[in-house]
Amino acid sequence: MEYNFRDIEKKWQANWKATGAYKVSNTSTRPKCYVLDMFPYPSGAGLHVGHPLGYIASDIYSRFKRLKGFNVLHPMGYDAFGLPAEQYAIEHGIHPAVSTAKNIDTFRKQLDNIGFCYDWDREVRTSEPSYYKWTQWIFLQLFNSFYNRNTQKAESIASLVKEFEKHGNVAHECPEDSLVSFTAFEWNAYTPKEQQDILMQYRLAFCGYGEVNWCEALGTVLANDEVVNGVSERGGHPVVKKKLRQWYLRITEYADRLLSGLETIEFSEAMKEMQTNWIGKSYGAEIDFVVNTTAVTPHEIPLTVYTTRPDTIFGIDFMVVAPEHELIANITTAEQAHAVEAYIAYVKSRSDRERQAEKKISGCFTGAYAVNPFNGKNIPIWISEYVLAGYGTGAIMGVPCGDERDHKFATHFNIPITNIIGEHYDGKEANPTKDAKLENSDFLNGMVMRDAMAVVISKLEEEGIGKKKVNYKMRDAAFSRQRYWGEPFPIQWKNGVAVALDENELPLLLPEVDSYSPGPEGEGPLANIPEWVKRELETNTMPGYAGSSWYFLRYMDPHNDTAFCDRKASDYWNQVDLYIGGTEHAVGHLLYSRMWTKALYDLGHIGFDEPFRKLLNQGMIQGSSRFVYRLKGTNKFISHGLIDEKAYKSEDMDPIRVDVNFVDGVELDINAFRSWRNGEYADADLVLDNDKYICGVEVEKMSKSKFNTVNPDELVNKFGADTFRMYEMFLGPVDQSKPWDTKGIEGVHRFLKKLWRLFYDEAKGRIWNEEKATPEELKVLHRTIRKIEEDTERFSFNTAVSAFMICINDLSDLRCNKREVLEKVLVMLTPYAPHISEELWQALGNSGSILDAAYPAFEEKYVIESSKEYPVSINGKVRTNMNIALDASAEEVEKLVLANELVQKWVEGKPVKKFIFVKGKMINVVV
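First residue of the sequence shown: 78, per our numbering; consecutive thereafter.
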């Protein structure tokens, strides 16, 4: 009987769907296990072989935990809002809902083809009103809350109003502006709008104005990672800085809890470091400097600087402010106005990420000076792109003798450098050590720098020109987009005041539009709808990460019409036990989903404050690109092996990528190449190497533009889903990047055929039997049970696949066709190759699905060695090997060895002078 994988896989996929094999209950006596893949966006291009890597890993683990007795939640859905669908709509005149639904249909078919164990009854789509109703509801929870720094949690804004009415804000510093201060009397005397303006500075979801990356061609704001070299990543359109009204989430209030929470969850150290660095907690001081625009008469304009090194205040040689700093217009002198204007125009074309990564030094002098409050020194104020408006106060003090970057800046612009750290400093490079003694520093002279910090801060506070300050690099990122295809904000604007819609008005449905072009003054397309504007509804929509910040909760209770998730359901499933996804979401989605979870926990809606207990970052399957080489200026293509030989040099070649799907390994399918791209290369003159055209190879990112994508549907059709699943895992450790090589998949397919032949012979039919297993067969079995269980638990899926291959090879060598052994192998194999496992399980006559079988228990007694093979030497030379029981006594060993025929041959009848037996190691007979 032949292994007909196509029929087998379709048969069991249909059966599992019809029987609801993967349907999961929220009530079970079994322990729970929640396994989740990062929310995918359904691209119109569909899946290539790189996409399913994490999905297969999570599927294996989910099936494994089910076999181990767990109630496993393993859902799938779609992050369906976002810019790509909207751009597709603009370019092709198709509504985003239509193109998204089509993409999801393709995505679903490809996933089902691979045989995943998703509970599709729990599918969610962020663009469905039944879903985004609750995204809007959660937004309102944030809008109607503030972060109480005294209790360290989110509380209702109504409770804050009561506090203001009784005591003013004496106990609640304004997070937006620490200078905001009022008594209860003053609060009660404010107009309703004045009160609402103040409350907006406390809300967890708040509105304000800020610099954004504006792309006119796309008609929307872009995140920093969507801007590359001053243009949009999608389409390559120009991007400029623009000040727009934006919604924000006050994630900075959760900075400390986001940091401390990292100690309670299992993220990789690299991931924890990325989030820690992004949050960027630092300790220092804020110092107020008076600005002098004439270098003679100080003006009463304060410039506040944040520094982590107030101990270096006597070494300030220049100040640098961010190009967006609000004081620039007030302090720039007439002589420098033109240069400043030109420099700011240049900076506006660059993203924050580019500015931080830039190694080239740039800047512009404002013409203004700041006054050092301790020695009266005039300090020139510069503008430079390496200072960001969102960090600290947007202004820094430059200390070239104590900071390497400051030193490079001063050297580049020929700014004189002050020596404050002793005679050993020669001005040639920065010396930031805190062990140096200060000189030329007034009341700090002779003091070690590390001891000067507290003294300076005390002096600043004493004179009222500064204060101790904890700062964070993380900013409150914009939470709104000027585009159509996103969640509408449940907000109305009444007389300039943001008013939340009543919960019974949700969902606020996304209206139909005739045009996706931006509204006036950079507003979103919703601003073009008269009825929307008439109702004074917010015209921005939420960003892509809105729906993905809480989707893991909706999977727990996806059909609930009265709550985002029933409390019993969230208490049962609790945290995601295993979350699998890429590192690209480290500081976006992961941080905001953590913040949303903490806020919902604070407000009593769920019982846990970290969404993901363990995170596994899968690596990337890279493309293996193929190249043909055209001789420059000709239509002649040279086989790769002939280049740099004879007359063909690499510098004379134009390498051209070709579709990997018509290259067998490195050999080009010449006919396919000639017909490729509508016959563009039909007349190519191919110079062959031994009648073959050999392509060049380069490992790159897998991308359609590089012609190196491989469609999993084609591989599943050719080799089967089980083969494809196991081969993806066999490529290498799941958390590491590795190149794709289709050629290696045949080895995994041969393995499954070999497994099949333990059950069926093509001529005889079924060959399994009911005989008892031998000790050697049980040894192979239980050695495999231990290995597969350990490897699967630690996500070492590639070594598990290798262990399966070794097991089947060993059983084949032993001619083991015994049900007692093979049945347990099938259960172990089920997470990796579920279709063939189910088919053979049923063929063995088992009742019920293998999906519900019990995972075989490892029994150590079968793998304990009872004997050992010893090398036996005669006069120090090994002459033979003997298998001797481990519990044999020295006397028994000697008797057995001397009775051996080969030993007797080499002893030649001579008397034994000495018999040496080292247990577990060796035997030597001296004659």
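Ideal Cβ positions, reconstructed from N, Cα and C, are used throughout, including at glycine.
Since the model is a prediction, treat every value here as computed from it, not as a measurement.
Per DSSP, the beta-bridge partners of ASP762 are LYS713.
Taking the CA atoms as reference points, TRP459 sits about 12 Å from GLY471.
Taking each of TYR622, TRP650 and HIS125 in turn and checking the Cα distance to LEU668, the smallest one comes out for TYR622. In this structure the segment 324–343 lies against the segment 545–558, because at least three pairs of beta carbons, one per stretch, are closer than 8 Å. Of the candidates VAL149, GLY192, TYR656 and ALA976, VAL149 places its Cα closest to the Cα of THR106.
Pairing GLY121 with SER176 gives a Cβ-Cβ distance under 9 Å. Cβ neighbours of THR381 within its own chain (closer than 6 Å, five residues either side excluded): GLU363, ASP365 and THR470. If you draw a straight line from the Cα of ILE885 to the Cα of VAL902, it comes to about 9 Å. The C-alpha of PHE216 is placed about 21 Å away from the C-alpha of THR297.
Among the bridge pairs identified by DSSP, PHE395 is matched with GLY475.
In terms of CA proximity to TYR561, VAL590 leads the group VAL590, PHE262, PRO607 and ASP480.
Taking each of TYR267, VAL257, THR268 and LYS320 in turn and checking the Cα distance to CYS284, the smallest one comes out for LYS320. Relative to PRO988, the option among GLU897, ASN952 and LEU858 whose CA is nearest is ASN952.
In this structure the segment 838–850 touches the segment 892–899; the number of beta carbon pairs closer than 8 Å is three or more. Beta-bridge partners assigned by DSSP to ALA362: THR384 and LYS545. Where LEU295 is concerned, there is no enclosing alpha helix (DSSP H), because DSSP gives it neither an H nor an E. Here PHE714 is buried. Its C-beta has 16 or more other C-beta atoms within 10 Å.
DSSP, read as helix, strand or coil, puts TYR656 in strand. In the DSSP assignment, ASN354 falls outside any beta strand (DSSP E) and lies within the alpha helix (DSSP H) extending over 346–356. With a cutoff of 9 Å on beta-carbon distance, ASP519 and PHE451 are scored as near each other. By the Cβ-count criterion, LYS546 is buried, with 16 or more other Cβ atoms from all chains shown falling within 10 Å of its own Cβ. MET672 is classed as buried because its beta carbon has at least 16 other beta carbons within 10 Å across all chains shown. If you ignore the 5 residues before and after ILE822, its C-beta comes within less than 8 Å of the C-beta of LEU792, PHE796, THR800, PHE801 and TYR804, all in its own chain and listed in chain order. Under DSSP, the beta-bridge partners assigned to CYS110 are VAL149. In the DSSP secondary-structure assignment, ILE568 is bridged to ALA577. The segment 161–174 makes no contact with the segment 129–137: fewer than 3 CB pairs, one atom from each, lie closer than 8 Å.
Residue GLY523 holds the alpha-carbon nearest to the alpha-carbon of LYS511 among GLU271, GLY523 and THR104. PRO908 is positioned such that its CB atom lies no closer than 9 Å to that of GLY192.
The Cβ neighbour count for LEU829, taken over all protein chains shown within 10 Å, is at least 16; the residue is labelled buried. Going by DSSP, MET959 is part of the beta strand (DSSP E) stretching over 954–962. For the beta strand (DSSP E) assignment, the segment 809–862 encloses no uninterrupted run of at least 3 residues. For VAL787 against ASN738, the beta-carbon gap comes to about 7 Å, under 8 Å, which counts as contact. Taking a 10 Å sphere around the C-beta of ARG703, we find 16 or more other C-beta atoms and assign the residue as buried. Note on ALA840: under 16 other CB atoms within 10 angstroms of its CB, so exposed under the neighbour-count rule. Bridge partners of TRP324 according to DSSP: CYS284. DSSP lists VAL949 and PHE994 as the beta-bridge partner residues of ILE1000.
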